[in-house]
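For the record, the sequence lines run as chains A and B.
The first sequence begins at 0 in numbering that gives the first Met the number 0 and counts up by one.
The second sequence begins at 0 in numbering that gives the first Met the number 0 and counts up by one.
In this text, a Cβ means the ideal position worked out from N, Cα and C, and glycines have one as well.
To keep things clear, I will list the structure first and then write my remarks on it.
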Amino acid sequence: MPVDKTTVAKIARLARIHVPDERQQAIATELNGILLWVDELNEVDTENIEPLASVTGHSLPMREDIVTDGDRIDEVLANVPASTGGFFVVPKVVE
Amino acid sequence: MTSNLVSGATGDWEVVIGLEVHAQVSSNAKLFSGASATFGADPNQNVSLVDAAMPGMLPVINHECVRQAVRTGLGLNAEINLVSVFDRKNYFYADLPQGYQISQFKQPIVGEGTLRIDLPDGSSRNIGIERLHLEQDAGKSMHDQHPSKSYIDLNRTGVALMEIVSRPDMRSSIEAAAYVRKLRSILRYLGTCDGNMEEGSLRADVNVSVRRPGEALGTRTETKNLNSLRFIQQAIDFEVTRQIEIIEDGGEIDQETRLFDTTTGATRTMRSKEDAHDYRYFPDPDLLPLVIPKDEVNELAAALPELPDQIKDRLTGDYGLSAYDAAVIIEERETALFYEVASAGHDRKLVANWMTVELFGALNKSGQTLADCNITPERLGGLVGLISDGTISGKIAKDVFAVMFETGGDAASIVEEKGLKQVSDSGAIAALIDAVIAENEDKVAEYRAGKDKLFGFFVGQVMKQSGGQANPGMVNQILHTKLDG
């Protein structure tokens, strides 16, 4: 099995999602089911085929280098639990 | 070539250094939003809803940032990848509202290149560039404003960075500093990054390991976020000493990220989790692959300015300057342009000398810059011209230079006004010499009896009598005729 309980615990921690210990084995089993299903794609021979990034044929749209945005502190800070002097205020994170 | 080996208690060690330089792209707006990329605004003023990672906001790439990355790649003689891909680098930090940084992982915009570094002994060496990719900068955290809170400013969030990764080709902290200095110089010539290290526009992460000469690479450490050439050298030197001591004491080096303390000059372990490097990169579904037409690359290549290496080759080759003088002159584009104008039509070496010694000396002393001082390139050229054609001596020229620097004006008018013109009239000089000989008959007798050293005394007396204006070459010649003849 490619994904075990330890891997689930690790991914959960990296994603900051709380997964109780008793749920981890069940989630590992579910994830393996999904991965096995996706694995079936490996049966297709993709030798010499370029990766397909878009089915629409669009290319990456670009902007000109012009300032068109900003100066909207009220909106930027609209949802914050705490702010002062225009800063976001968060619990101390220091290395 | 001098050896770069470091001797430890148990023998010699070779130092291996690779650098990751983060250079802020010079642009008006950010990489994926229309907010301003300028430094120094009020907190969170230059923030769009894209930068703040509001739900549903989508990134749209800034064309000019792409072009700047291509220009930089061309300036580093690097391969330009016409197709590149943006990935998400996932991690959580308070100054990264998206929860991921948009970066380029497997397919960067620029591939392998080379950078020629100029070392203090005048030699040059090529350092390999592994890649250059475009990515978003993070915001800024302030930890010293409140006992239990951090303050976050997202103005820098989303500003375009070029991460330029070198090969582990450097063998000393001096080479590492030379690499950053040269890279900075090229970026500034290209106009793709202002290179301002104090403001953080250019910062380096250094990877350092040591090994016995000829053996396999040792385990490396990475010291993050160094924002001056001095700190880069200090951090490397500290790491080298630390690693050698650990290994010689029978220990092992942990592969880890370290922080540099600017007050102590020491590095220390970053107290981060063991899986800090597990970034789970994947292609950003919000962004299609970046495709650059070959024609656009050619157009950018054709418009590239002359770069420091090309100018240096011309200065040392065609103009005959020393590698050292050339390196000093080309580091900044403004200086190189100044020199070109000042030396046109004049003695190239003499102008280089006057620029690197007198002019730079005066600028250092007064704290002025080349752009705002009284000496224009034409005026410096004019002064050197007066020396070359014998109008004034080098000694008088220093006085003229001091006046020019202080009050402006061109050399010819100052010489004229103050009557400093060199006396090259042989009759006038001969008369001065005759007077000196008449006043010092005893010394003339001693000289003629074999006390050769007195010749300098006579020269000095004649120059003094002339107020320093007699042509020294002619004084020498006529004195010899009169004393020896």
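Let me know the secondary structure DSSP gives residue i once reduced to three states.
i, result
"B:Asn76", "coil"
"B:Glu330", "coil"
"B:His479", "helix"
"B:Ser384", "Before going on, a small fix: residue 384 of chain B reads as Gly here, not Ser. Helix, per DSSP."
"B:His21", "strand"
"A:Arg62", "strand"
"B:Met53", "coil"
"B:Asn45", "coil"
"B:Leu419", "coil"
"B:Arg229", "helix"
"B:Ser412", "helix"
"B:Pro282", "strand"
"B:Gly289", "Looking at the sequence itself, residue 289 of chain B is Leu, so the reference to Gly does not match. B:Leu289: strand per DSSP, three-state reduction."
"A:Ala77", "coil"
"B:Ala469", "strand"
"B:Phe104", "coil"
"A:Thr45", "coil"
"B:Gln242", "helix"
"B:Ser439", "Reading the sequence as shown, one finds Asn at residue 439 of chain B and not Ser. In this structure, B:Asn439 counts as coil in the three-state DSSP scheme."
"B:Lys450", "coil"
"B:Ser425", "helix"
Any beta carbon of chain A sitting closer than 8 Å to that of residue i?
i, result
"B:Gly33", "yes"
"B:Lys394", "no"
"B:Arg279", "yes"
"B:Tyr99", "no"
"B:Asp120", "no"
"B:Gln309", "no"
"B:Pro284", "no"
"B:Met0", "Reliability fails at B:Met0, whose pLDDT of 43 lies under 50, so the model's placement of it is uncertain and no value is given."
"B:Asn3", "no"
"B:Ile108", "no"
Which term fits residue i, buried or exposed, when burial requires 16 or more other beta carbons within 10 angstroms of its beta carbon?
i, result
"B:Gly466", "exposed"
"A:Pro57", "Note on identity: in this sequence residue 57 of chain A is His, with Pro being the wrong assignment. Exposed, because fewer than 16 other Cβ atoms sit within 10 Å of the Cβ of A:His57."
"A:Thr83", "exposed"
"B:Thr268", "exposed"
"B:Gly112", "buried"
"B:Arg130", "buried"
"B:His479", "exposed"
"B:Thr390", "buried"
"B:Gln144", "exposed"
"B:Phe281", "exposed"
"A:His17", "exposed"
"B:Tyr92", "exposed"
"B:Val158", "buried"
"A:Ile135", "There is no way to answer for residue 135 of chain A, as the model of chain A reaches only from 0 to 94."
"B:Arg332", "buried"
Residue i bridges to which residues according to DSSP?
i, result
"B:Thr113", "B:Gly127"
"B:Trp12", "B:Val5"
"B:Leu502", "Any answer about residue 502 of chain B is impossible in this case: the structure gives chain B only from 0 up to 484."
"B:Gly89", "In the sequence under discussion, the amino acid at residue 89 of chain B is Asn, which differs from the Gly named in the question. In the DSSP output, where bridge partners are listed per residue, B:Asn89 has B:Tyr99."
"B:Val209", "B:Val14"
"B:Thr268", "B:Arg257"
"B:Asn61", "A:Arg62"
"B:Glu221", "B:Asn206, B:Thr256"
"B:Lys139", "B:Asp152"
"A:Ser82", "A:Phe87"
"B:Ala499", "The requested residue 499 of chain B does not occur in the structure, where chain B is confined to residues 0 to 484."
"B:Ser83", "B:Leu289"
"B:Leu201", "B:Ala22"
"A:Asp68", "B:Ala34"
Chain B beta carbons: is any one of them nearer than 8 Å to that of residue i?
i, result
"A:His17", "no"
"A:Gly85", "yes"
"A:Ala52", "yes"
"A:Arg22", "no"
"A:Thr67", "yes"
"A:Val37", "no"
"A:His42", "Checking the displayed sequence, the identity of residue 42 of chain A turns out to be Glu instead of His. So no, A:Glu42 is outside the interface."
"A:Val2", "no"
"A:Leu59", "yes"
"A:Pro80", "no"
"A:Ile33", "no"
"A:Val7", "no"
"A:Gln30", "In the sequence under discussion, the amino acid at residue 30 of chain A is Leu, which differs from the Gln named in the question. Output row for A:Leu30: interface = no."
"A:Ile48", "no"
"A:Ile73", "According to the sequence displayed, residue 73 of chain A carries Asp and not Ile. Closer than 8 Å: no."
Segments of 3+ residues assigned as beta strand (DSSP E) that fall wholly inside the segment 148 to 192 of chain B: 148 to 152, 159 to 165
In chain order, each alpha helix (DSSP H) run of at least 4 residues that lies wholly inside the segment 294 to 375 of chain B: 307 to 316, 322 to 329, 332 to 342, 347 to 352, 359 to 365
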